[in-house]
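Engineer:
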Amino acid sequence: MSDFTFRAGDGTHRHAVRRGPPTLVDGVPQTVRALGDGRFVVDVDGRPVRVLAVAHGDTVHLQLDGRAGLVERVDPTRAGAGGAGAGGDATAPMPGVVVSWLAQPGDPVEAGTPLLVIESMKLQVTIESPRAGTLERLPFAAGQTFQRGAVLAHLRTDEPTA
Amino acid sequence: MTIRKLFIANRAEIASRIVRTARRLGIATVVPWHARDRHGPALAEADATVELHGEPPVSAWLDGPALIAAAREAGCDAIHPGYGFLSENAGFARAVADAGLVFVGPPAKAIELMGDKITARRFAQRCGVPVTPSADEADDPAGFAGRARAIGFPLLVKGAAGGGGKGMQIVRDAAALPQAIATARAESERYFGDGRLLAERFVERPRHIEIQVFGDALGNVVHLGERECSIQRRFQKLVEETPAPTLSPELRERICAAAVTLAREAGYVNAGTVECIVAPDGAFYFLEMNTRLQVEHPVTEMVTGLDLVEWQLRIADGEPLPLAQHEVRWHGAAIECRILAEDADAGFVPDTGEVRLLNAPQGPGVRFDCGVTPGARVTADFDSMLAKLVVHGADRALAISRMRQALSELAMLGVTVNADYLSRVIGHPAFAEGATDTGFLERHRDALRPRAWTDAERRALVAVAARVVRTPHADTPAEPWASMGAWRN
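So the sequence lines, in the order shown, correspond to chains L and F.
First residue of the first sequence: 933, per the numbering used here; consecutive thereafter.
First residue of the second sequence: 29, per the numbering used here; consecutive thereafter.
This is the structure:
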């Protein structure tokens, strides 16, 4: 059993996957037929639908009926006990470059604690912690560029989240 | 054809498109690249490539002397500027000619006359082509604000040297005028190095109609019909089509005749586009002339069956126009969508990334002019337009249905593109009716939002993702194999 998050314009959802056959997503069996070259046919409400998919590390870019979405595997070694999913991490509002770190991995943080400064479209923005916990990891060093939606700071909550 | 080797002072899709025609005509091509831009399809298609230097990279494509030197060193006898960059720079056109090379475009004099909005609009007026009431800063800059106010509101304030919507402001009342002038001036200075402004009456619910014209060195001028480019965001075109869906034949004839008059009076040679706005009551006004090939020229090619780059090269080579006006024919309808690296649903913010999976739409009547190859890095260094999707159909309804199908097939996974947004635009009932004006996207903003994903869709996509994602145990090759690199038996 592993967890994945689905991210698109309408928000982020978390799904549990049990590899099959058949593969179960949130307990519902899925039919996936691979056609090669990143092409698949899936079954959506009894209808065969074409899907394009390409993986890059733990991130998978997908497209269904012309609509694109992003699925990320939730790393069990990072997301485990504290229950910190990608939904609670600090993500990049737009592509840019990291200017500086304002906190260090291991630091305890409150909601609103400044974590790092990024620059996007000639604008410097301070990324704050979305909640209280421990700053676990800052994946991008100063000077490194990132894409929109990239996780800029991994947080671990100290108490289990609801 | 005396041109034997052509230097293309451009990049991405338009470089590739020019290479295709040149090759067909037996002309060798040279395409430049930059250390931070080495993924365009043209680089594989051209006969030779040369490296440009500059920081930021875009400056390399704006360095006229370096481009001309590269062209001469490569043994080229002509330069095609494409669109953007130096394509409408009279100084560049003159320097190319002075270097003994053929500039594939109008003479520098024509670029000077028509490239400046103030002189172009005065010239149009002298030719009897209607223009909107306006005030400019060419003379009496001190009284500009007062004269602008006297035109009446709403007003459009823009840079005299501008283009692409940069520095353009709609002003609805006198109180907002000083701020609009300051903003427009700052943007015009920043983008064009020229802060002179122009204010004109803003026509409500305008349609953007433009006429493709061609002139030759013998003084012949023809038009190849109109394009409607009213679907715009931030004054930038997103969807273009021909014929214009609701233009009456009489009005079309009058606008085309005005465009031909303007080009003839200007002694215009090579490809040009006369841009107009058409008011709901059918009144039309000259806006500006683009003295180059337009981004949206393929829709004209689709309905006329002509190759506009071929015409450009033949005329630059001294040949007469390939066809007389009465020999030009138009068949069916064509639509172009600009595929941009941006999140249209999040306020059209540009996106960057790497094209990891590219799926080019195919099928009858479908043309995909693409500027990226798989693995291409999309950065903020260049314009966000990655490709143009163009379709042709026997009528507009067929073109629309082909476009929707093609948009759903198009994929550039790894960077957010606007294909699905365009599909919603093309699929909107108001678009089908031809009820298009420049306020279309703003007016229908709510209807153009994406629907939410269903649970079943998300589960299906997650199932596919689980299948393709790298799993630490299953897919990683054992250490000895991995260390051998790209080993095959």
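All residues carry an ideal CB built from backbone N, CA and C; glycine is no exception.
Predicted, not measured: the structure shown is a model, and the values here were computed from it.
#1: Using the beta-carbon of each residue, which ones in chain C are nearer than 8 Å to L/Thr955?
#2: Please check the pair F/Phe220 and F/Ala189, which I expect to be a contact at CB under 8 Å, by giving their CB distance rounded to whole angstroms.
#3: CA-CA distance, L/Val1083 and F/Asn117?
#4: Classify L/His947 as buried or exposed, calling it buried when 16 or more other Cβ atoms lie within 10 Å of its own Cβ.
#5: For the segment 396–423 of chain F, list the beta strand (DSSP E) runs that are entirely contained and at least 3 residues long, ordered along the chain.
#6: Who are F/Arg318's beta bridge partners in DSSP?
#7: Can you say whether L/Pro954 is buried or exposed, counting buried as having 16 or more other CB atoms within 10 angstroms of its CB?
#8: Confirm, please, whether the CB-CB distance from L/Leu994 to L/Val1003 is below 8 Å.
#9: Once the 5 residues before and after F/Phe230 are set aside, which same chain residues still bring their CB inside 7 Å of it?
#10: Which partner residues does F/Asp335 have in the DSSP bridge list?
#11: Does the count of Cβ pairs from the segment 31–41 of chain F and the segment 69–89 of chain F closer than 8 Å reach three?
#12: Between L/Leu1067 and chain F, is any beta-carbon pair separated by less than 8 Å?
#13: Could you spell out the range, first to last residue, of the beta strand (DSSP E) harbouring L/Arg962?
#14: Just to confirm the assignment: which complete alpha helix (DSSP H) runs, minimum length 4, are found wholly within the segment 43–79 of chain F?
#15: What does F/Thr444 reach in chain L if we use C-beta pairs closer than 8 Å?
#16: Could you tell me whether the Cβ of L/Arg951 comes closer than 8 Å to any Cβ of chain F?
#17: What in chain L is Cβ-close to F/Thr380, meaning under 7 Å?
#18: Contact between the segment 158–176 of chain F and the segment 125–137 of chain F is defined here as three or more beta-carbon pairs at a separation below 8 Å; is this criterion met?
#19: Following the continuous alpha helix (DSSP H) through F/Lys137, name the residue where it begins and the one where it ends.
#20: Is it buried or exposed for L/Leu967, if we count other Cβ within 10 angstroms and need 16 for buried?
#21: Could you give the distance in angstroms between the alpha-carbon of F/Met29 and the alpha-carbon of F/Phe35?
#22: Rounded to whole angstroms, what is the Cα-Cα separation between F/Ala46 and F/Asp75?
#23: Measure the Cβ-Cβ separation of L/Leu913 and L/Ile1059 and say whether it is below 8 Å.
#24: In this structure, does DSSP put F/Met440 in helix, strand or coil?
#25: Given 8 Å as the limit, is there contact between the segment 245–258 of chain F and the segment 342–350 of chain F, that is, 3 or more CB pairs closer than that?
#26: For a contact meaning CB atoms closer than 9 Å, what does L/Phe936 contact in chain F?
#27: Given that a residue counts as buried once 16 or more other Cβ atoms are within 10 Å of its Cβ, and exposed if not, what is F/Val132?
#28: For the candidate residues F/Thr332, F/Leu334 and F/Glu303, whose alpha-carbon lies nearest to that of F/Arg320?
#29: Do you know how far the Cα of F/Glu370 is from the Cα of F/Asn446?
#30: Using a beta-carbon distance cut-off of less than 7 Å, what residues from the segment 466–492 of chain F approach chain L?
#31: If the cut is a Cβ gap below 7 Å, which residues of chain L does F/Val86 touch?
#32: At a Cβ threshold of 8 Å, is F/Ser451 touching chain L?
#33: Measure the C-alpha to C-alpha separation of F/Pro135 and F/Val297 and round it to an integer number of angstroms.
#34: Out of F/Val443, F/Phe263 and F/Arg395, state which residue places its alpha-carbon closest to the alpha-carbon of F/Leu385.
#35: Just verifying my parser: in three-state terms, what is the DSSP assignment at F/Gly133?
#36: Name, please, each residue of chain L whose Cβ falls closer than 7 Å to the Cβ of F/Ala4.
Structural biologist: Short version:
#1: Here chain C cannot be found, since the structure's protein chains are L and F.
#2: 4 Å
#3: 43 Å
#4: buried
#5: 413–421
#6: Reading off the sequence, residue 318 of chain F comes out as Asn, not Arg. DSSP, once it has assigned bridges, lists F/Thr301 as partnering F/Asn318.
#7: exposed
#8: yes
#9: Pro182, Leu183, Leu184 and Ile198
#10: Paired residues: none, contrary to the question.
#11: yes
#12: no
#13: In the sequence under discussion, the amino acid at residue 962 of chain L is Gln, which differs from the Arg named in the question. From DSSP, the beta strand (DSSP E) with L/Gln962 extends over Val960 to Gln962.
#14: 69–73
#15: Ala1000 and Arg1080
#16: yes
#17: Pro1027 and Gln1079
#18: no
#19: Ala136 to Gly143
#20: exposed
#21: 16 Å
#22: Sequence check: residue 46 of chain F is Ile here, not Ala. One C-alpha to the other measures close to 12 Å.
#23: With chain L represented from 933 up to 1094, any question about residue 913 of chain L goes unanswered, as that position is not in the structure.
#24: strand
#25: yes
#26: Val490, Ala493, Ala494 and Val497
#27: buried
#28: F/Glu303
#29: 6 Å
#30: Pro478, Ala480, Trp481, Ala484, Glu485, Arg486, Arg487, Ala488, Leu489, Val490, Ala491 and Val492
#31: Ordered by position in chain L, no residue passes the 7 Å Cβ test against F/Val86, which lies about 15 Å from the chain.
#32: yes
#33: 7 Å
#34: F/Val443
#35: coil
#36: Outside the displayed range of chain F (29 to 517) lies residue 4 of chain F, so it cannot be described from this structure.
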